[in-house]
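This report concerns only the one structure given below.
Listed below in structure tokens is the structure:
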């Protein structure tokens, strides 16, 4: 359920760049992207626990998530 909520936040943040009336500010967007990348980093390093209590394998090629504005202007 928590992962679903994170995905909902990411979706809302990504649409905030296109919808100027959205309640999400740049600070909230940056916070969500940072939180997502922290989870991604834990998974990529093989530090995440999966079902059954096992540790997930480390990723070989996992990219960081960037916000719409970072991707657009780089």
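In our numbering, the protein residues as written are 9 to 82. All C-beta atoms in this analysis are idealised placements derived from N, C-alpha and C, irrespective of residue type, glycine included. Note that the coordinates shown come from a computational prediction; the quantities given were computed from them, not determined experimentally.
Following the continuous alpha helix (DSSP H) through residue i, name the residue where it begins and the one where it ends.
i          : result
residue 38 : 34 to 52
What residues in its chain sit with their C-beta under 6 angstroms from that of residue i, if we drop five residues either side in the sequence?
i          : result
residue 56 : 50 and 64
Could you check whether residue j and residue i sit closer than 8 angstroms to each other, using their CB atoms as the reference points?
i          : j          : result
residue 52 : residue 67 : yes
Excluding sequence positions up to five away, which residues of its chain have a Cβ less than 7 angstroms from the Cβ of residue i?
i          : result
residue 54 : 63, 64, 65 and 66
residue 58 : 64
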